[in-house]
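Protein chains: 2
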Amino acid sequence: MARHKEFDRDEALQRAMEVFWARGYEATSVGDLVGHMGINRQSLYDTFGDKHSLYLQALDRYREVEARKMFELLERPGPVKRALRQLFEGVVESALGGGERRGCFVGNATSELAGRCRQTADKACGQMAAAEEALYRALLRGKKAGEIGGGRDLRAVARFLYSSLQGLQLMSKATRDRKALEDVVRVTLSVLD
Amino acid sequence: MARHKEFDRDEALQRAMEVFWARGYEATSVGDLVGHMGINRQSLYDTFGDKHSLYLQALDRYREVEARKMFELLERPGPVKRALRQLFEGVVESALGGGERRGCFVGNATSELAGRCRQTADKACGQMAAAEEALYRALLRGKKAGEIGGGRDLRAVARFLYSSLQGLQLMSKATRDRKALEDVVRVTLSVLD
DNA sequence: CGGTTTCTGGAATGATTGTTCCAGAAACCG
DNA sequence: CGGTTTCTGGAACAATCATTCCAGAAACCG
Numbered sequence: 005m006a007r008h009k010e011f012d013r014d015e016a017l018q019r020a021m022e023v024f025w026a027r028g029y030e031a032t033s034v035g036d037l038v039g040h041m042g043i044n045r046q047s048l049y050d051t052f053g054d055k056h057s058l059y060l061q062a063l064d065r066y067r068e069v070e071a072r073k074m075f076e077l078l079e080r081p082g083p084v085k086r087a088l089r090q091l092f093e094g095v096v097e098s099a100l101g102g103g104e105r106r107g108c109f110v111g112n113a114t115s116e117l118a119g120r121c122r123q124t125a126d127k128a129c130g131q132m133a134a135a136e137e138a139l140y141r142a143l144l145r146g147k148k149a150g151e152i153g154g155g156r157d158l159r160a161v162a163r164f165l166y167s168s169l170q171g172l173q174l175m176s177k178a179t180r181d182r183k184a185l186e187d188v189v190r191v192t193l194s195v196l197d
Numbered sequence: 005m006a007r008h009k010e011f012d013r014d015e016a017l018q019r020a021m022e023v024f025w026a027r028g029y030e031a032t033s034v035g036d037l038v039g040h041m042g043i044n045r046q047s048l049y050d051t052f053g054d055k056h057s058l059y060l061q062a063l064d065r066y067r068e069v070e071a072r073k074m075f076e077l078l079e080r081p082g083p084v085k086r087a088l089r090q091l092f093e094g095v096v097e098s099a100l101g102g103g104e105r106r107g108c109f110v111g112n113a114t115s116e117l118a119g120r121c122r123q124t125a126d127k128a129c130g131q132m133a134a135a136e137e138a139l140y141r142a143l144l145r146g147k148k149a150g151e152i153g154g155g156r157d158l159r160a161v162a163r164f165l166y167s168s169l170q171g172l173q174l175m176s177k178a179t180r181d182r183k184a185l186e187d188v189v190r191v192t193l194s195v196l197d
């Protein structure tokens, strides 16, 4: 029989995701990908198809790995408001940290491609819906715990929170003004009071 | 002496802005620009410098033309809340309309380039600050008119509103679900109550 | 007009793009 | 081992990229 794969597929995809996440689709060349993924050019095409297909797979990978972190944070026991504050503060802190400010991969993909690539738009919609659902469940839990007033349309609030998170992540790409970012977080979370 | 310019500089720049706005920086080729601007390739380089310089000038043009529309809307006499609702509803309507969903040029530029191009980040910051200021003035006017309660930190609310506007514009690139977008608008504006 | 300057269209540039081809090394398993 | 299969590195590919060069047409003003 035949030889086995030398590299770990998931690890290579993870690297690809990081490059696309940091640089976007158009600005990333296949050469960049080959360099960062640590695999052969031909292996890339054999395993993942072409560049566009790899990009879509990277988006899926993001959902499985990065977005899951958000889901876990929201499902953690304890006050929902505190979890939400951690979620938003986390964005601010990572934006003010020294590293590269990549924002949210899904947000970046939406901004760059959703307008002209149906597949990207569909994937972005799917991730939006999943995130919205996670936020909704968290809000529902907060309502049952008496933490959040009953008068609210929680579905609408969940949508609002996701939109706000995307807005905040965009802002944090342009500015390192901590006060400005925290102003946004504070007012956003005030709708829960 | 010499011959005069055949084309109108501002009109050409306006066209360039529209192309960059719709397609982003990397996905726009100089060939695209030449086609849509209706001027000669050499004239483009003579008049605007290289592609990157033209992009930055297009961002300035956006500020002068498109952002001004927002300023005027906010300074129009009448209830501030109504002006803000018009601002946000306008985003929803143009997203649901048949045209191409370009989002906000400044937001697009921030998402695509601010992370790795200082000049773009600076221009985006400048436009953010200008928009925030316009929102702040509008809120101040609303407060004086007794339309908005006095307990709020209006600077923070202005920042929040701009961030929310960017988030909404991003959402509207991925989905045409009117209810979802209007949910976001409704909850966002509820912070003014 | 005529001399000068600038605009214009198109070709040419060299670099880079995404993708594929090829020959050989490497690893599997009967 | 040995036959088979797949991986690997690098070259090769055509297309496109941003940019520049060039020769001629066009328009100005003395």
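As you go down the protein sequences, you meet chains A and B in turn.
Using the numbering used here, read the first sequence as starting at 5 and increasing by one per residue.
Using the numbering used here, read the second sequence as starting at 5 and increasing by one per residue.
Heads up, the beta-carbon is just placed ideally off N, CA and C, and yes, glycines get one too.
Since the structure is predicted, the reported quantities are computational estimates derived from the model, not experimental observations.
Item	Value
Give the residues from the region 173-186 of chain B that approach chain A closer than 8 Å (Cβ to any Cβ), ordered along the chain.	L174, M175, K177, A178, T179, A184
The alpha helix (DSSP H) spanning L158 of chain A covers which residue range?	158-178
Would the beta-carbon of R19 of chain B fall within 8 Å of that of G35 of chain B?	no
If you measure from the beta carbon of M74 of chain A to each beta carbon in chain B, is any gap under 8 Å?	no
Name, please, each residue of chain B whose Cβ falls closer than 8 Å to the Cβ of S194 of chain A.	V195
Just the C-alpha distance for Q123 of chain A and L193 of chain B, rounded to the nearest angstrom, thanks.	32 Å
Quick check: the region 180-192 of chain B against the region 156-167 of chain A, are there 3 or more CB pairs under 8 Å?	yes
Where does S115 of chain A sit, in a helix, a strand or coil, going by DSSP?	helix
Output, in chain order, the set of chain A residues within a Cβ distance shorter than 7 Å of V191 of chain B.	A160, V161, F164, V195
Applying the criterion that 16 or more other CB atoms from any shown protein chain within 10 Å of the CB defines a buried residue, is R163 of chain B buried or exposed?	buried
Cβ closer than 7 Å: which chain B residues qualify as neighbours of E104 of chain A?	G119
So G42 of chain A contacts chain B; which residues on that side make the cut at Cβ distance below 9 Å?	Correct list: empty, because the minimum Cβ distance to chain B is about 22 Å.
How would you list, in chain order, the residues of chain B whose beta-carbon sits under 8 Å from the beta-carbon of M132 of chain A?	M175, A178, T179
Check the Cβ of E30 of chain B against every Cβ in chain A and list those closer than 9 Å, keeping chain order.	G28, Y29, E30, A31, E116
Give the DSSP-derived three-state secondary structure of D36 of chain B in the structure shown.	helix
Using 8 Å for Cβ pairs, my map puts L88 of chain B next to R182 of chain B. What's the rounded Cβ distance?	Not really, about 19 Å apart at Cβ, beyond 8 Å.
By the criterion of Cβ-Cβ separation under 9 Å, what are the contact partners of V188 of chain B in chain A?	A160, R163, F164, Y166, S167, S168
Taking V96 of chain B as the reference, which of B:G171, B:A16, B:V195 has the closest Cα?	B:G171
Within a Cβ cutoff of 6 Å, which residues of the same chain sit near A118 of chain A, ignoring the five residues on either side of it in sequence?	T124, A125, A128
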